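One structure below.
2 protein chains.
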Amino acid sequence: MENDRIHNPKSSMSLLVVGSVAFDAVETPFGQRPRMLGGSASHFSIAASFFTDVRLVAVVGGDFGPSEEDVFRRHNIDTTDLERIPDGNTFLWRGRYEYDLNVAHTLETQLNVFAGFQPKLSEGSKQARLVFLGNIQPDLQRGVREQIPNADLVALDTMNLWIETTRDSLQKTIEVVDLVIINDAEARQLADEPNLIKAARKVLSWGPRGLIVKRGEYGAAMFTKEEYFAIPAYPLEAVFDPTGAGDTFAGGLMGYLASQEKIDEAAMRRAMIFGSVMASFNVEEFGTERVQRLTYDEINQRFREFKRFTHFEEIPFERAVKAVQ
Amino acid sequence: MENDRIHNPKSSMSLLVVGSVAFDAVETPFGQRPRMLGGSASHFSIAASFFTDVRLVAVVGGDFGPSEEDVFRRHNIDTTDLERIPDGNTFLWRGRYEYDLNVAHTLETQLNVFAGFQPKLSEGSKQARLVFLGNIQPDLQRGVREQIPNADLVALDTMNLWIETTRDSLQKTIEVVDLVIINDAEARQLADEPNLIKAARKVLSWGPRGLIVKRGEYGAAMFTKEEYFAIPAYPLEAVFDPTGAGDTFAGGLMGYLASQEKIDEAAMRRAMIFGSVMASFNVEEFGTERVQRLTYDEINQRFREFKRFTHFEEIPFERAVKAVQ
Numbered sequence: 030m031e032n033d034r035i036h037n038p039k040s041s042m043s044l045l046v047v048g049s050v051a052f053d054a055v056e057t058p059f060g061q062r063p064r065m066l067g068g069s070a071s072h073f074s075i076a077a078s079f080f081t082d083v084r085l086v087a088v089v090g091g092d093f094g095p096s097e098e099d100v101f102r103r104h105n106i107d108t109t110d111l112e113r114i115p116d117g118n119t120f121l122w123r124g125r126y127e128y129d130l131n132v133a134h135t136l137e138t139q140l141n142v143f144a145g146f147q148p149k150l151s152e153g154s155k156q157a158r159l160v161f162l163g164n165i166q167p168d169l170q171r172g173v174r175e176q177i178p179n180a181d182l183v184a185l186d187t188m189n190l191w192i193e194t195t196r197d198s199l200q201k202t203i204e205v206v207d208l209v210i211i212n213d214a215e216a217r218q219l220a221d222e223p224n225l226i227k228a229a230r231k232v233l234s235w236g237p238r239g240l241i242v243k244r245g246e247y248g249a250a251m252f253t254k255e256e257y258f259a260i261p262a263y264p265l266e267a268v269f270d271p272t273g274a275g276d277t278f279a280g281g282l283m284g285y286l287a288s289q290e291k292i293d294e295a296a297m298r299r300a301m302i303f304g305s306v307m308a309s310f311n312v313e314e315f316g317t318e319r320v321q322r323l324t325y326d327e328i329n330q331r332f333r334e335f336k337r338f339t340h341f342e343e344i345p346f347e348r349a350v351k352a353v354q
Numbered sequence: 030m031e032n033d034r035i036h037n038p039k040s041s042m043s044l045l046v047v048g049s050v051a052f053d054a055v056e057t058p059f060g061q062r063p064r065m066l067g068g069s070a071s072h073f074s075i076a077a078s079f080f081t082d083v084r085l086v087a088v089v090g091g092d093f094g095p096s097e098e099d100v101f102r103r104h105n106i107d108t109t110d111l112e113r114i115p116d117g118n119t120f121l122w123r124g125r126y127e128y129d130l131n132v133a134h135t136l137e138t139q140l141n142v143f144a145g146f147q148p149k150l151s152e153g154s155k156q157a158r159l160v161f162l163g164n165i166q167p168d169l170q171r172g173v174r175e176q177i178p179n180a181d182l183v184a185l186d187t188m189n190l191w192i193e194t195t196r197d198s199l200q201k202t203i204e205v206v207d208l209v210i211i212n213d214a215e216a217r218q219l220a221d222e223p224n225l226i227k228a229a230r231k232v233l234s235w236g237p238r239g240l241i242v243k244r245g246e247y248g249a250a251m252f253t254k255e256e257y258f259a260i261p262a263y264p265l266e267a268v269f270d271p272t273g274a275g276d277t278f279a280g281g282l283m284g285y286l287a288s289q290e291k292i293d294e295a296a297m298r299r300a301m302i303f304g305s306v307m308a309s310f311n312v313e314e315f316g317t318e319r320v321q322r323l324t325y326d327e328i329n330q331r332f333r334e335f336k337r338f339t340h341f342e343e344i345p346f347e348r349a350v351k352a353v354q
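Chains A and B, in that order, are what the protein sequence lines are. Heads up, the final residue of the first sequence is numbered 354 in my numbering, and it's a clean run with no missing numbers. Heads up, the final residue of the second sequence is numbered 354 in my numbering, and it's a clean run with no missing numbers.
Given below as structure tokens:
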């Protein structure tokens with residue numbers, strides 16, 4: 030895989046992710062994995078590693094072994110700031126999906142070393158140009174953001190737990206980031222507004238330049254103060270394990286942005302497509318298994334397919350009629 | 030409005046719709062209408078009338094008055110085959126929407142004259158080039174289809190009731206149409222398959238050339254044996270009354286196709302956009318009120334906006350990186 034990588038010297042240390050590294054135990058109607066690499070920072074960093082160099086800030090326990098470390102090493106992910114607590118255990122999530130795969134039932138959550146996670150940034154990490162604050166307690170997210178005041182772009186993910194229990198802190202954190210990347214239900218809950226367009230307007234009024242809303246099988250939408258952009262999802266016949274799809278989307282999106290010298294609307298739009306492409310691969314196999322094996326040809330092929338299945342000619346009606354007459 | 034219409038002599042008698050004409054009594058959190066023009070054929074034909082000449086096959090009772098007739102007349106909709114039963118009452122539907130507007134609660138259904146509806150086609154109607162079989166009993170749909178064997182394109186809508194109670198007849202009808210236009214849940218139920226892509230493949234295997242899946246606020250998707258096309262919905266801040274959105278979508282889509290000499294993939298894609306545009310206007314006010322007042326400028330403006338909020342540049346990743354290096 031590394032031979033297939035195109036290294037970009039300018040992008041070194043360009044993308045930092047803070048989040049969870051975990052063991053996932055997943056059951057779906059199609060099979061199960063009792064213990065595999067998971068967590069927001071894992072899914073994010075592996076997806077992003079196809080586009081840029083990534084640094085990971087997370088914590089693991091003594092049960093985190095060489096085979097897991099090796100996944101990061103093979104993807105050239107810098108684990109300097111991956112804290113190891115030898116006498117603790119790694120965050121463990123056990124979940125089960127029903128036949129339609131849209132709802133995950135959490136069977137067990139063992140926070141373990143993640144319960145006391147305090148992100149510690151080395152000097153190298155503080156130079157990051159882009160930062161992704163994965164779904165952790167919003168005070169911790171804000172603490173990281175404040176240590177990287179000069180980043181070009183800081184994005185944040187969150188979840189219903191933090192919206193419900195730490196709303197004020199979460200809003201304060203959103204006020205100091207550039208981009209919020211959350212799902213449909215979270216956007217509505219966060220803004221306390223069932224209409225997504227109004228919800229987006231409200232979140233943007235708090236300060237961020239952009240809000241990206243993930244809609245699973247329905248695609249994704251991006252709101253800025255000036256523009257709106259929406260895409261359908263890549264059509265998949267076989268969805269196998271949706272775990273980590275959202276973080277893989279964010280990883281592809283932020284990784285692609287990190288590879289771009291100029292982060293403008295056009296780059297953001299392409300980044301949405303690359304994020305969707307990476308997420309589409311993620312759900313085709315368990316955990317990070319499919320994404321780990323990806324090639325650039327496969328990524329670019331789906332990018333091109335996106336263009337093909339969303340393209341239409343801009344011919345307003347009047348002209349069409351005149352052509353017939 | 031008629032002054033704003035661009036007449037196309039070639040399209041006379043080009044589009045026929047068979048369905049319900051009704052009185053709707055609708056309550057939403059934003060207001061109510063105790064009695065307004067509704068029904069699948071009404072919504073469809075008014076939307077389609079902006080693009081082509083439409084003939085309507087339906088039945089009404091003695092309570093259907095001059096003001097309702099006048100709506101059809103003003104939109105140049107041919108009501109030769111609108112059957113009047115003076116001693117009966119028109120189909121009445123009473124419904125209520127919750128705050129999120131996604132679920133309609135049916136409070137009352139009085140089929141009235143619609144219970145005995147037997148579509149009767151005049152000679153003019155049998156010359157239709159395009160036909161839309163609105164959501165009625167599938168035996169009746171097939172009876173109409175057989176009377177117009179030379180139509181260029183016959184499309185069909187249906188609903189959960191017919192999928193549950195007349196599945197065999199419905200499948201026989203689907204076998205003899207060109208296009209199925211249904212919503213997301215109906216497509217999955219019809220194919221008995223939760224994955225939409227697999228569901229589409231199954232429905233296409235029965236014979237139709239295309240399946241169009243309406244997804245409400247998430248947009249729409251079109252499946253043919255060779256191609257896939259998907260679009261998001263037009264973003265709306267104020268959804269007022271979703272009644273008839275699906276039929277308005279179909280009306281815009283089929284009306285646009287009727288205006289085109291060549292119904293190819295490119296025309297179908299543009300038709301999907303025009304259908305979405307018409308549906309986006311429909312839900313902004315009660316019943317057909319907003320669509321009745323539409324201008325071509327308004328329609329084309331939203332068509333152009335669709336292009337703007339779905340466009341991205343096709344630059345695969347390798348090239349992007351090389352540009353940076």
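The beta carbon of each residue, even a glycine, is placed where N, CA and C say it ideally should be. Note that the structure is a prediction, hence the values are computed from the model and not measured.
Contact of asparagine 105 of chain A with chain B is not assigned, every C-beta pair being separated by 8 Å or more. Taking one beta carbon from each stretch, the stretch 308 to 317 of chain A and the stretch 210 to 225 of chain A have fewer than 3 pairs nearer than 8 Å; the two do not touch.
Comparing C-alpha distances from phenylalanine 143 of chain A to each of A:Ala76, A:Ile114 and A:Thr187 shows the shortest one belongs to A:Ile114. In summary, aspartate 107 of chain A is buried, with 16 or more beta-carbon neighbours lying within 10 Å of its beta-carbon over all protein chains present. If you look at tryptophan 122 of chain A, you'll find it in the beta strand (DSSP E) that goes 120 to 126.
Chain B places a beta carbon closer than 8 Å to that of lysine 227 of chain A, counting this residue as a contact.
By the Cβ neighbour-count rule, asparagine 189 of chain A is exposed, with fewer than 16 other Cβ atoms within 10 Å of its own. A distance below 6 Å between beta-carbons, with the five flanking residues on each side excluded, links glycine 281 of chain A to the following residues of its chain, in chain order: Ala76, Phe303, Gly304 and Met307. In this structure, DSSP gives alanine 133 of chain A an extended state, which the three-state scheme calls strand. Listed in chain order, the beta strand (DSSP E) runs fully inside the stretch 237 to 318 of chain A are 239 to 243, 249 to 253 and 257 to 260, counting runs of at least 3 residues.
A Cβ-Cβ contact shorter than 8 Å links glutamate 204 of chain B with glycine 236 of chain B. Taking the Cα of valine 312 of chain A as reference, the smallest distance to any Cα among A:Ser151, A:Phe52 and A:Thr57 is reached at A:Thr57. The three-state reading of DSSP puts glutamate 152 of chain A in coil, since its state is none of H, G, I, E or B. Under the Cβ distance rule, threonine 253 of chain B does not count among the residues neighbouring chain A, no pair being separated by less than 8 Å.
Judged by DSSP in its simplified three-state form, valine 50 of chain B adopts coil rather than helix or strand. The three-state reading of DSSP puts aspartate 107 of chain A in strand, counting E and B together. The DSSP assignment places complete alpha helix (DSSP H) segments of no fewer than 4 residues inside the stretch 150 to 232 of chain B at 167 to 176, 189 to 194, 196 to 204 and 213 to 220, in order along the chain. For phenylalanine 258 of chain B, the chain A residues whose Cβ falls inside 7 Å of its Cβ are Phe338, in order along the chain. Assignment of threonine 324 of chain B by DSSP, reduced to helix, strand and coil, places it in the coil class. Chain order gives no chain A residues near alanine 184 of chain B, where near means a beta carbon separation below 7 Å; the closest approach is about 19 Å. Residue pairing by DSSP places threonine 57 of chain B opposite B:Gly60 in a beta bridge. Scanning chain A for C-beta atoms nearer than 8 Å to the C-beta of tyrosine 126 of chain B yields nothing, as the closest lies near 12 Å away.
The three-state secondary structure of glutamate 98 of chain B, taken from DSSP, is helix. With distances taken between CA atoms, phenylalanine 315 of chain B lies nearest to B:Val268 out of B:Val268, B:Tyr257 and B:Leu121. Taking 8 Å as the CB threshold, asparagine 164 of chain B stays off the interface with chain A. Between phenylalanine 346 of chain B and asparagine 329 of chain A, the C-beta spacing is below 8 Å.
Chain B places a beta carbon closer than 8 Å to that of phenylalanine 303 of chain A, counting this residue as a contact. Pairing glutamine 289 of chain B with asparagine 131 of chain B, the inter-Cα distance amounts to about 33 Å. A Cβ-Cβ distance of about 6 Å is found for the pair leucine 136 of chain A and glycine 124 of chain A, placing them in contact under the 8 Å criterion.
Cβ contact annotation for tyrosine 285 of chain B (same chain, cutoff 7 Å, sequence separation greater than five): Phe80, Arg299, Ala300 and Phe303, in chain order. According to DSSP, residue pairing for glutamine 139 of chain A in a beta bridge involves A:Leu121.
Note: alanine 87 of chain B is bridge-paired with B:Leu111 in the DSSP secondary-structure output.
Only residues of its own chain outside the window of five on either side were considered, and among them Gln166, Pro167 and Asp168 have a CB closer than 8 Å to the CB of threonine 195 of chain B, listed in chain order.
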